[in-house]
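Asks: Below: one structure in structure tokens.
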Amino acid sequence: MGDSVDNVPGVPGVGPKTASELIRTFGDLEGVLAAAPDIKKPKLSQSLIEHADNARLSRELVRLVCDRPLPQPLDELALKGLPKEPLQQFLMDQGFRSLLMKLGGEEASAALPARVEDAIPFVHADYETVIAEADLDRWIASAYEAEVVAVDTETDDVDCIRANLVGISLATAPGKACYIPVGHGRGGEDLLTERPEQLPHPLVLAKLKPLLEDPTVLKIGQNLKYDLIMFRRSGIDVTPYDDTMLLSYDLDAGLGGHGMDELAKRHLDHACIEFKDVCGTGKNQVSFDMVPIDRATEYAAEDADVTLRLWQRLKPRLVPEAGNRVYELVDRPLVPVLAEMERAGILVDREELHRLSTQFGEEIIRLEAEVHEAAGGPFTIGSPKQLGEVLFDRLGLAGGRKGKSGVYSTDVNELERLAGEGVAVARLVLDWRQLTKLKSTYTDALQQQINPATDRVHTCFSLAVAQTGRLSSTDPNLQNIPIRSEHGRRIRHAFVAPPGHVLLSADYSQIELRLAAHMADVPQLRAAFAQGQDIHNLTAEELFGVIDRDTRAKAKTINFAILYGISSWGLAGRLGVDRGEAQAIIDRYFDRFPGVKNYMAETINQLREKGFVTTLFGRKTHLPGIKGKTVGERQSAERQAINAPIQGTSADIIKRAMVRIGPALEAAGLDKVRMLLQVHDELVFELPEGDVEAAKPVIERVMAEAAEPHVKLSVPLGIEMGAGRSWGDAH
DNA sequence: GAAGTCACG
DNA sequence: ACGTACGTGACTTCA
Numbered sequence: 002m003g004d005s006v007d008n009v010p011g012v013p014g015v016g017p018k019t020a021s022e023l024i025r026t027f028g029d030l031e032g033v034l035a036a037a038p039d040i041k042k043p044k045l046s047q048s049l050i051e052h053a054d055n056a057r058l059s060r061e062l063v064r065l066v067c068d069r070p071l072p073q074p075l076d077e078l079a080l081k082g083l084p085k086e087p088l089q090q091f092l093m094d095q096g097f098r099s100l101l102m103k104l105g106g107e108e109a110s111a112a113l114p115a116r117v118e119d120a121i122p123f124v125h126a127d128y129e130t131v132i133a134e135a136d137l138d139r140w141i142a143s144a145y146e147a148e149v150v151a152v153d154t155e156t157d158d159v160d161c162i163r164a165n166l167v168g169i170s171l172a173t174a175p176g177k178a179c180y181i182p183v184g185h186g187r188g189g190e191d192l193l194t195e196r197p198e199q200l201p202h203p204l205v206l207a208k209l210k211p212l213l214e215d216p217t218v219l220k221i222g223q224n225l226k227y228d229l230i231m232f233r234r235s236g237i238d239v240t241p242y243d244d245t246m247l248l249s250y251d252l253d254a255g256l257g258g259h260g261m262d263e264l265a266k267r268h269l270d271h272a273c274i275e276f277k278d279v280c281g282t283g284k285n286q287v288s289f290d291m292v293p294i295d296r297a298t299e300y301a302a303e304d305a306d307v308t309l310r311l312w313q314r315l316k317p318r319l320v321p322e323a324g325n326r327v328y329e330l331v332d333r334p335l336v337p338v339l340a341e342m343e344r345a346g347i348l349v350d351r352e353e354l355h356r357l358s359t360q361f362g363e364e365i366i367r368l369e370a371e372v373h374e375a376a377g378g379p380f381t382i383g384s385p386k387q388l389g390e391v392l393f394d395r396l397g398l399a400g401g402r403k404g405k406s407g408v409y410s411t412d413v414n415e416l417e418r419l420a421g422e423g424v425a426v427a428r429l430v431l432d433w434r435q436l437t438k439l440k441s442t443y444t445d446a447l448q449q450q451i452n453p454a455t456d457r458v459h460t461c462f463s464l465a466v467a468q469t470g471r472l473s474s475t476d477p478n479l480q481n482i483p484i485r486s487e488h489g490r491r492i493r494h495a496f497v498a499p500p501g502h503v504l505l506s507a508d509y510s511q512i513e514l515r516l517a518a519h520m521a522d523v524p525q526l527r528a529a530f531a532q533g534q535d536i537h538n539l540t541a542e543e544l545f546g547v548i549d550r551d552t553r554a555k556a557k558t559i560n561f562a563i564l565y566g567i568s569s570w571g572l573a574g575r576l577g578v579d580r581g582e583a584q585a586i587i588d589r590y591f592d593r594f595p596g597v598k599n600y601m602a603e604t605i606n607q608l609r610e611k612g613f614v615t616t617l618f619g620r621k622t623h624l625p626g627i628k629g630k631t632v633g634e635r636q637s638a639e640r641q642a643i644n645a646p647i648q649g650t651s652a653d654i655i656k657r658a659m660v661r662i663g664p665a666l667e668a669a670g671l672d673k674v675r676m677l678l679q680v681h682d683e684l685v686f687e688l689p690e691g692d693v694e695a696a697k698p699v700i701e702r703v704m705a706e707a708a709e710p711h712v713k714l715s716v717p718l719g720i721e722m723g724a725g726r727s728w729g730d731a732h
């Protein structure tokens, strides 16, 4: 990366370094200063400000070194005012223990021990249940004193939009944790039939609010987005915060899951009390408000205790290992943004979905009869096993291929092949499959997902699932709403804006190919994007010398193959040519675009050496499969290694756009524009009709400039936008 | 709970 | 010899 601090005065032999590298070299900020006793302070400051990879770090360096008024911040700094105690909070946040001790005394840094004490056992009996007001006050005071507190909320539902608060747990030191019940025994049937003695819910929240919002106390959570939403619903804005799930994700993506139970096993060698041991499972499961309070305390306080201990293990690894970039710049600030998107939800036309369900249902019944007729008897069309036997055994069609479990493949490729050969039943099954898919997954299911209180659908975005840094969406998944087929597209038209409003969709045009052109440094591709040329036409021209429908389609397939980590077998299968021909095309591609070949070789080398690959923002994806037993496993890791930096950089960029879009809109006076959805390269907004023309340029600018200043791209990022009454109309 | 299938980028 | 692209989540059938 090109950002460097040239000629750092007073640091002989250090050479060009980014701020993060300086920190890494000397252990912490104090080390940097110690190594540079005769630093020309203002000059260092200016230099760091201009070149450092963490603007916030730079600013605090300047503040520390110069003790004079700060120049205007460069990046995120512009988005937020400084907290009350910026330096102390920042240092604690960064894990600069020794400096904190010097400035704030021993007690200020007690929460971040240089070495984690392994010996403190988990003793459930030591956890405290807070029933009296004085005890609550004592715990709050202890959190202020520790300047760090792990927080966990217990509720009666995994869906935090409709969940009720049942209790809150706090931990201020390993082994020192409490549980504050507020909603137990609310009309339970078996376990608790009346409300046991508890502090009133509003009182507890009123007492916690100043603590949770205090800039000098760091709040720590595991999957904090959930708790943030719960607190936001009560008018509490938790800040500042750390999330152990995200720390794990940004440090160890690819090495395992990031749920608390798994992290506790991995890092603390501790088996947490499992939720199902407290609440049961299946039809015997009860919600948390029905759990007796003493049992609830063991479970809930342990969660906060574990979270605090995980933070002590993970946070100190951040600067040395993760380069401190994606966590600070991307993932952590995204949490409240996603929380607001989930809270907002999107309006769905229930009647339209119902009409589509009815319509699809009637068509499915017709198709079912036709399939059975053609097959010579009834069978379960939805059973791949039965369908395969009907097609390839009963009807005796040729070309049946059995997989390792001994069933014939009947997927879309196979059925399309048969349909192309004139097998009528194959086309009927394809149509039946499409409509049952649309009905069961979308038109039926989405109606069930509409929240009766808001009349809207509230998805849950997960930050720590995808190996590459992408988000994922569940309950319902709003990142796979149909668009490609005509029937499917009608479902998109059921996602609408309320009266007087429209939906605006903004998407990055071919962002992954643009990033590949930049990362592999391919002059022709860069020039084509700079001039707005059609990129598949360019590939067709380079590879085949002619541009027509056929060569362009082939070129498009090849461009995708490049992004996914090419193999001659895979390309052959997609293009319908033999393997030798596919290999010839690949060779020709590498010949025309040698940067791509080099990029792939370098990336795989890096993977073999380090065990991970990185995005332009420094996000890691570990791929232990590169050391796998089989060739297949190792080649799979190689393909992932090619794709992960591209897909991951794209994810980093749109996430940064999401973090910056709110403040940018606010600065433009567009406070009624709400971001609702992210679909990997697309953002969907809901806004008053009259705001569309003002909002478009703001959104476009933020998205187009989202990589800057930390990453300088050699290709422009193109944005396409549209607005309409429905999501379907916004494209 | 695994396998197969298919919706999206 | 190996293998039919990268990343997800939801639904259905069936053991």
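So for the first sequence, the working numbering puts the first residue at 2; every next one is plus one.
Cβ atoms here follow ideal geometry from the backbone N, Cα and C, with glycine treated the same way.
What first and last residue would you give for the beta strand (DSSP E) that runs through lysine 220?
Replies: Looking at the DSSP string, the run of the beta strand (DSSP E) that includes lysine 220 is 219-222.
Asks: My understanding is that glutamine 468 touches alanine 254, with C-beta atoms under 8 Å, so please give their C-beta distance in whole angstroms.
Replies: At roughly 6 Å, the Cβ-Cβ gap stays under 8 Å, so glutamine 468 and alanine 254 are in contact.
Asks: Can you name the start and end residues of the beta strand (DSSP E) that aspartate 153 belongs to?
Replies: Its beta strand (DSSP E) spans residues 149-156.
Asks: Within the same chain, show all residues whose beta-carbon is closer than 8 Å to that of arginine 593, passing over the 5 residues directly before and after it, in chain order.
Replies: Gln525, Glu543 and Leu544, listed in sequence order.
Asks: How big is the Cα-Cα spacing for serine 410 and leucine 398?
Replies: Going by the C-alpha atoms only, they are around 13 Å apart.
Asks: Looking only at its own chain, which residues have a Cβ that is under 8 Å from the Cβ of leucine 671, when we skip the five neighbours before and after it?
Replies: These residues qualify, in order along the chain: Leu688, Asp692, Ala695, Ala696 and Val699.
Asks: Consult DSSP for serine 235 and reduce its assignment to one of helix, strand or coil.
Replies: Serine 235: coil per DSSP, three-state reduction.
Asks: Going by DSSP in three states, alanine 467 sits in which element: helix, strand or coil?
Replies: If DSSP states are grouped into helix, strand and coil, alanine 467 belongs with coil.
Asks: So which of Glu415, Arg395 and Leu396 has the shortest CA-CA distance to glycine 404?
Replies: Answer by Cα proximity: Glu415.
Asks: Shorter than 7 Å, the distance from the beta carbon of leucine 505 to the closest heavy atom of the ligand SAH, or not?
Replies: Only the bare structure without any ligand can be found here, which leaves the ligand SAH out of the picture.
Asks: I'd like to confirm the pairing. Which residues does DSSP put opposite glutamate 683 in its beta bridges?
Replies: Glutamate 683 is bridged to Asp508.
Asks: With DSSP run on the structure shown, which of helix, strand or coil describes threonine 442?
Replies: Threonine 442 falls in the helix class under three-state DSSP.
Asks: Rounding to the nearest angstrom, what Cα-Cα distance links methionine 231 and threonine 154 in this structure?
Replies: Cα to Cα, the separation comes out at about 8 Å.
Asks: Could you compute how far the alpha carbon of leucine 252 sits from the alpha carbon of leucine 516?
Replies: Using only the alpha carbons, I get a separation of about 23 Å.
Asks: Checking the sheet assignment: what are the DSSP bridge partners for aspartate 244?
Replies: DSSP, once it has assigned bridges, lists Gly222 as partnering aspartate 244.
Asks: For glutamate 513, is the classification buried or exposed, using 16 other Cβ atoms within 10 angstroms of its Cβ as the cut-off for buried?
Replies: It counts as buried.
Asks: Can you have a look at glutamate 667 and say buried or exposed, based on whether 16 or more other CB atoms are within 10 angstroms of its CB?
Replies: When all chains shown are included, glutamate 667 counts as exposed.
Asks: Should asparagine 285 go down as buried or exposed, given a rule of 16 or more other Cβ atoms within 10 Å for buried?
Replies: Exposed, because fewer than 16 other Cβ atoms sit within 10 Å of the Cβ of asparagine 285.
Asks: Below 8 Å CB to CB, which residues in the same chain sit around isoleucine 647 once its five sequence neighbours on both sides are set aside?
Replies: Excluding sequence neighbours, isoleucine 647 sits near Glu513, Leu516, Ala517, Met520 and Leu564.
Asks: Can you check the stretch 244-271 for any alpha helix (DSSP H) of at least 4 residues that lies completely inside it and give the ranges in chain order?
Replies: Whole alpha helix (DSSP H) segments, 4+ residues: 245-253 and 261-264.
Asks: What does the alpha-carbon distance come out to for the pair alanine 301 and isoleucine 181?
Replies: Cα to Cα, alanine 301 sits roughly 9 Å from isoleucine 181.
Asks: What number of angstroms, rounded off, separates the C-alpha of arginine 490 from the C-alpha of isoleucine 484?
Replies: Computed Cα separation, rounded: 4 Å.
Asks: My output table needs one value for serine 651: the three-state DSSP class, helix, strand or coil.
Replies: In the structure shown, serine 651 sits in a helix (DSSP, three-state: H, G or I).
Asks: From the DSSP output, which residues share a beta bridge with valine 547?
Replies: DSSP output for valine 547 lists no bridge partner at all.
Asks: Are serine 474 and threonine 460 touching if we call contact CB-CB under 8 Å?
Replies: Taking 8 Å as the Cβ cut-off, serine 474 and threonine 460 qualify as a contacting pair.
Asks: Going by DSSP, what residue range makes up the beta strand (DSSP E) through serine 473?
Replies: Taken as a continuous stretch (DSSP letters only), the beta strand (DSSP E) holding serine 473 covers 473-475.
Asks: Nearest-angstrom Cα distance between aspartate 138 and alanine 207?
Replies: Cα-Cα distance, rounded: 12 Å.
Asks: Here's a check: name, in chain order, each residue in its chain whose Cβ is nearer than 7 Å to the Cβ of glutamate 343, leaving out the five neighbours to either side.
Replies: Excluding residues within five positions, the ones whose Cβ falls inside 7 Å are Ile162, Ile230, His459, Thr460, Cys461 and Phe462.
Asks: Using the beta-carbon count (16 or more within 10 Å), is isoleucine 169 buried or exposed?
Replies: By the neighbour-count rule (16 or more Cβ atoms within 10 Å), isoleucine 169 is buried.
Asks: How should proline 499 be labelled, buried or exposed, when 16 other C-beta atoms within 10 angstroms of its C-beta is the threshold for buried?
Replies: So proline 499 ends up on the exposed side.
Asks: With C-beta atoms as the reference, is leucine 608 less than 8 Å away from alanine 638?
Replies: Cβ atoms of leucine 608 and alanine 638: closer than 8 Å.
Asks: Do aspartate 262 and valine 152 count as a contact pair if the criterion is CB distance below 8 Å?
Replies: No, these two residues do not count as a Cβ contact at 8 Å.
Asks: Among Asp306, Leu212, Arg527 and Leu330, which has the Cα closest to the Cα of arginine 657?
Replies: Among Asp306, Leu212, Arg527 and Leu330, the Cα nearest to that of arginine 657 is on Leu330.
Asks: Got a sec? Which residues, its chain only, sit under 7 Å from tyrosine 328 by beta carbon, not counting five neighbours each side?
Replies: Excluding sequence neighbours, tyrosine 328 sits near Leu247, Leu248, Asp251 and Leu319.
Asks: In chain order, what residues of the same chain have a beta carbon less than 6 Å from the beta carbon of serine 235, not counting five sequence neighbours either side?
Replies: Once the five neighbours on either side are set aside, the close Cβ partners of serine 235 are Leu206.
Asks: According to DSSP, is isoleucine 50 part of a helix, a strand, or is it coil?
Replies: Reliability of the predicted coordinates at isoleucine 50 is poor, the pLDDT of 38 falling under 50, and the value obtained from them is presented with this limitation in mind. Three-state result, isoleucine 50: helix.
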